[in-house]
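As numbered in UniProt numbering, residues 2 to 107 make up the sequence shown, in order. Shown next, in C-alpha cells, is the structure this report addresses.
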Amino acid sequence: PFVVVENCIRCKYTDCVEVCPVDCFHEGPNFLVIDPVECIDCTLCEPECPANAIFPEDDVPAGQEHFIELNAELSKEWPVLATRKDPPEDAAEWDGKPNKLPELKR
Ligand code: SF4
Ligand code: F3S
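Written as C-alpha cells, this is what we have:
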C-alpha cells in the first residue's frame, strides 16, 4: 500500500483524496492517512500531493518508517474523506518543516 508521511501534517492539501478509486483516505484534525487494507496500489495519489507526502510502503523516506504503522492505526479511527476541501490557512508555512510529528492531532 501507499503511506502518508510527515510532511502532510498541518499541510493537509487533500488533492490526494479526489483521485483515489477506492476512497481509502481517512481524515484527522490536521493529517490524512491511507487505509493499507483498502489501498489497491494504483499510484494515482502520489503525484497529486503538493507536499510530496505520499510514498509506497517500500519507499518511505528513511526515519519515517513509523508512519506505516500510524496509517494503519489511525485509518481505523478516522472517517473517510473522499472530496477535496480547503487546506489550513497556514499550510504553505508548514510545508517542508522538519519534525512535525509532535504537531499531529488525534
Ligand atoms: Fe488510493 Fe491508489 Fe493512492 Fe492507494 S495508491 S491510496 S488506492 S489513490
Ligand atoms: Fe496530505 Fe498531500 Fe493529501 S498534504 S492531505 S497527502 S494531498
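Beta carbons are placed, not taken as given, at the ideal position from N, Cα and C, and that holds for glycine.
Query                                                                                    : Result
Contact set for alanine 65: own chain, Cβ-Cβ below 6 Å, skip 5 residues either direction : Before going further, note that residue 65 is glutamine rather than alanine in the sequence given. Counting only Cβ-Cβ distances below 6 Å, and skipping sequence neighbours, we find Val6, Glu7.
For glutamate 19, the first and last residue of its enclosing alpha helix (DSSP H)       : 16-20
Cysteine 40 CB to nearest heavy atom of the ligand F3S below 7 Å                         : no
Pairwise C-alpha distance: phenylalanine 26 and arginine 85                              : 11 Å
Whole-Å CB distance - leucine 82 paired with glutamate 28, under 8 Å assumed             : 4 Å
Under 8 Å between C-beta atoms of lysine 13 and leucine 45                               : no
Rounded straight-line distance, which links the Cα of lysine 106 to that of alanine 73   : 16 Å
Helix, strand or coil at proline 57 [DSSP, three-state]                                  : strand
Cα-Cα separation, alanine 92 to valine 38                                                : 29 Å
Assigned exposure category for valine 4 - 16 Cβ within 10 Å defines buried               : buried
Where the alpha helix (DSSP H) through leucine 71 begins and ends                        : 67-75
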